[in-house]
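Novice:
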RNA sequence: GGGUCCGUAGGGUAGCUUGGUCGAUCCUUUGGGCUUUGGGAGCCUGAGACUCCGGUUCAAAUCCGGGCGGACCCA
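Structure, rendered in structure tokens:
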């Protein structure tokens, strides 16, 4: 993949995922095929969240007075808020923001809901669209003005410790989620100057894209009591005293789908993991003039068997040459193709071709075992995709000892570079500016020696890269 | 935040420097017909574009200004 930007753009179009030509900068249309993937991705996530959380839906508009309440928070977003200022012909007496994120829409309500420790914890999530007035270059799914798929979880707890535990819950859910999608990640604690505005700290998931830059694909925030104080979220503890609640929030967006596409795609186009593929199997009947009925009878039956066994399958009966169909379905990323032609009927075999590695196999056909065979193949596709993606992330993660190496590695190889770091904000910002890189964050590790930049005592392992 | 470049059918492009030959090139896409079908077949016949607004000019895809949209570089 020589040029990731171009490749990504082409895949969205050729795999019929999105139409980026909508006449507003940074806003695109989900096409049926893309939307189906999105749906499958979301249900994978929601299944995990639903174990402990409940789904809710808050309004999209936020009154200015609420949005402005938390000063640090609003400062982080003020330059990119869309405003509704008129209703019909009249100016509104209070302008309304299109949510850039939902803390200020949810927390005034939380304040009403929380009375006693009995009401806690609250653990809710919603999947909504959010708006950010991006002035930089936008790119579908990666940097957009309307985030169409923003899944955000918000929790309220009685104690600091419970909030800490919830952070871990969030991280674990995301780990499992990304694992199911075979998306690799590196987790780190964002530096002070890059944490979520208003939070105590931010844990983040980053994936290395094919061009070596990293993409933030998920974040988990411990909000402490900052928002509770601002929005007056208090409860009466069992001793009858009033206390501020401890909160967390965490979120994912459209970027997960960008990561999914980028992690598995190849020169031929999209490769979708079976877990979220709109069609897991595409059946191509090879039809000649005189045997169409026979072949179709067979493939119809095969389709039915797979379908009733919970496999998402489709048959392409269009009057096109088979080769053309192969190309089309490969571009669209369908994990497994099954071909059946006259020769196969004769030999009682079917042909299976894996999208991920192109491997072609002639399998003896037996109605009783075909489902297992297909499921087995889909399974190994998933595992191989994951392996391949994980390897890439690992190979692209380098460890260095000097700033010189750091700079060279980032510029020549891209990826994530790790080094020893003191953890000081001044030193970190200095490093970002001097070398034109971004500090993703830190990982706790047994670190000995000197900070790679300032030479002071090193306290952390720092992750550095170029970012989207 | 600063800078560079770009905008021609659904997608990708030629033409722009030096205005007229453009009734706009080629590939792809696409409607109809014939013929075919184990890796993008072929033939016939149709369809489809100069980003928008303003300016210069006898004449603008081509030159100038602005809007909108897009790509990239630096910080």
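Residue numbers (the numbering used here): 71 to 538. For every residue, glycine included, the Cβ atom is placed at its ideal position computed from N, Cα and C. What you are looking at is a predicted structure, and each value in this text was computed from that prediction instead of being measured.
1. Tell me which residues share the same chain as residue 511 and place their Cβ nearer than 7 Å to its Cβ, disregarding the 5 neighbours each side in the sequence.
2. Please classify residue 350: does DSSP put it in a helix, a strand, or coil?
3. In this structure, does DSSP put residue 507 in helix, strand or coil?
4. Which class does residue 333 belong to by DSSP, given the choice of helix, strand or coil?
5. Taking residue 466 as the reference, which of 299, 375 and 333 has the closest Cα?
6. Less than 8 Å separating the beta-carbons of residue 100 and residue 218?
7. Tell me whether residue 357 sits in a helix, a strand or coil according to DSSP, three-state version.
8. Leaving out the 5 sequence neighbours to the left and right, which residues in its chain are closer than 8 Å to residue 381 when beta-carbon positions are compared?
9. By the DSSP assignment, the alpha helix (DSSP H) with residue 409 in it spans what residues?
10. From the DSSP secondary-structure annotation, give me the bridge partner or partners of residue 194.
11. Cβ of residue 187 within 7 Å of any heavy atom in the ligand SAH?
12. Quick test of the definition: if touching needs 3 or more C-beta pairs under 8 Å, does the segment 144 to 153 touch the segment 100 to 116?
13. Can you give me the Cβ contacts of residue 296 inside the same chain, cut-off strictly under 6 Å, excluding the 5 residues immediately before and after it?
14. For the beta strand (DSSP E) containing residue 306, list its first residue and its last residue.
15. Any idea what DSSP makes of residue 449, helix, strand or coil?
16. Taking residue 225 and residue 188 to be in contact with their CB atoms under 8 Å, please state how far apart those CB atoms are, rounded to whole angstroms.
17. Taking 8 Å as the threshold (C-beta atoms), are residue 339 and residue 84 in contact?
18. Enumerate in chain order the residues of its own chain whose CB-to-CB distance from residue 321 is below 8 Å, with the five nearest sequence positions on each side excluded.
19. Which same chain residues end up closer than 6 Å to residue 505 when comparing Cβ atoms and leaving out the 5 residues on each side of it in sequence?
20. What are the residues that DSSP puts in a beta bridge with residue 422?
21. What beta strand (DSSP E) runs, 3 residues minimum, are completely inside the segment 191 to 275?
22. Cα separation between residue 431 and residue 420?
23. Would you report the Cα separation of residue 203 and residue 125, rounded to the nearest angstrom?
24. Excluding the 5 residues flanking residue 415 on each side, which residues of the same chain have their C-beta closer than 7 Å to its C-beta?
25. Ignore the nearest five residues each way along the sequence and tell me which others in residue 329's own chain have a CB closer than 7 Å to its CB.
26. In whole angstroms, what is the alpha-carbon distance linking residue 422 and residue 251?
27. Going by the beta-carbon positions, is the gap between residue 293 and residue 270 smaller than 8 Å?
28. Going by other Cβ atoms of all chains shown within 10 Å of its Cβ, with 16 needed for buried, is residue 73 buried or exposed?
29. Leaving out five residues on either side along the sequence, give the residues of the same chain with a beta carbon under 7 Å from the beta carbon of residue 358.
30. Relative to the C-alpha of residue 272, which residue among 309, 317, 247 and 304 is closest?
31. Go through its chain and collect everything with a Cβ distance to residue 173's Cβ below 7 Å, but skip five positions before and after it.
32. Less than 8 Å separating the beta-carbons of residue 490 and residue 521?
Specialist: In short:
1. Within the first chain, residue 511 is the residue found at index 441, counting from 1. Within the same chain, residue 511 has close Cβ partners 258, 259, 260, 261, 274 and 533.
2. Here residue 350 is taken as the residue at index 280 of the first chain, counted from 1. DSSP places residue 350 in coil when its eight states are reduced to three.
3. Numbered from its first residue, the first chain carries residue 507 at position 437. Residue 507 carries a coil assignment under DSSP once its states are collapsed to helix, strand and coil.
4. As a working mapping, residue 333 is identified with position 263 in the first chain. Correct three-state label for residue 333: helix.
5. Reading the first chain from its first residue, position 396 is the one you call residue 466. The shortest Cα separation from residue 466 among 299, 375 and 333 belongs to 333.
6. Counting from one through the first chain, the residue named residue 100 turns up at place 30. Counting from one through the first chain, the residue named residue 218 turns up at place 148. Yes, the Cβ-Cβ distance between residue 100 and residue 218 is below 8 Å.
7. Counting from 1 along the first chain, the entry for residue 357 is found at position 287. Residue 357: coil per DSSP, three-state reduction.
8. Residue 381 sits at position 311 when you count from the first residue of the first chain. Correct list, in chain order: 350, 351, 441, 444, 445 and 448.
9. Along the first chain, one-based indexing puts residue 409 at 339. Element bounds for residue 409: not the alpha helix (DSSP H) but the beta strand (DSSP E), 406 to 410.
10. Locating residue 194 in the first chain gives position 124, counting from the first residue. According to DSSP, which records beta bridges pairwise, residue 194 is partnered with 124 and 224.
11. With respect to the ligand SAH, the structure offers nothing, as it holds no ligand at all.
12. no
13. If you number the first chain from 1, residue 296 lands on position 226. Excluding residues within five positions, the ones whose Cβ falls inside 6 Å are 268.
14. Taking the first residue of the first chain as position 1, residue 306 is located at position 236. Annotation for residue 306: the continuous beta strand (DSSP E) segment containing it runs 304 to 306.
15. Sequence index remark: in the first chain, residue 449 carries index 379 (1-based). Of the three classes helix, strand and coil, the one that applies to residue 449 here is helix, per DSSP.
16. In the first chain, the residue the question calls residue 225 occupies position 155. In the first chain, the residue the question calls residue 188 occupies position 118. About 16 Å; that fails the 8 Å criterion.
17. In the first chain, the residue the question calls residue 84 occupies position 14. In the first chain, the residue the question calls residue 339 occupies position 269. Yes. Within cutoff.
18. Residue mapping note: residue 321 aligns to position 251 of the first chain, counting from 1. Excluding positions up to five away in sequence, the list reads 171, 220, 221, 222, 223, 288 and 289.
19. Here residue 505 corresponds to residue number 435 of the first chain, with the count starting at 1. Result list for residue 505: 477, in chain order.
20. Mapped onto the first chain, residue 422 falls at position 352. BP columns for residue 422 point to 408 and 431.
21. 192 to 201, 216 to 227 and 256 to 259
22. Counted from its first residue, the first chain places residue 431 at position 361. Counted from its first residue, the first chain places residue 420 at position 350. So the alpha carbons of these two residues sit roughly 8 Å apart.
23. Along the first chain, read from residue 1 onward, the residue named residue 203 stands at position 133. Along the first chain, read from residue 1 onward, the residue named residue 125 stands at position 55. Spanning the two alpha carbons is a distance of roughly 27 Å.
24. Taking the first residue of the first chain as position 1, residue 415 is located at position 345. So the qualifying residues of the chain are 364, 365 and 368.
25. Position 259 of the first chain, counted from the first residue, corresponds to residue 329. Around residue 329: 253, 277, 285 and 287.
26. Here residue 422 is taken as the residue at index 352 of the first chain, counted from 1. Here residue 251 is taken as the residue at index 181 of the first chain, counted from 1. Cα-Cα distance, rounded: 23 Å.
27. Residue 293 sits at position 223 when you count from the first residue of the first chain. Residue 270 sits at position 200 when you count from the first residue of the first chain. Yes, the Cβ-Cβ distance between residue 293 and residue 270 is below 8 Å.
28. Reading the first chain from its first residue, position 3 is the one you call residue 73. By the neighbour-count rule (16 or more Cβ atoms within 10 Å), residue 73 is not buried but exposed.
29. Here residue 358 refers to the residue found at position 288 when the first chain is read from its first residue. These residues qualify, in order along the chain: 412.
30. Walking along the first chain from the start, residue 272 turns up at place 202. Residue 317 is the option with its Cα nearest to residue 272.
31. Numbered from 1 along the first chain, position 103 holds the residue referred to as residue 173. The answer, listed in chain order, is 143, 297 and 319.
32. Translated into positions along the first chain, residue 490 becomes position 420. Translated into positions along the first chain, residue 521 becomes position 451. Contact: yes.
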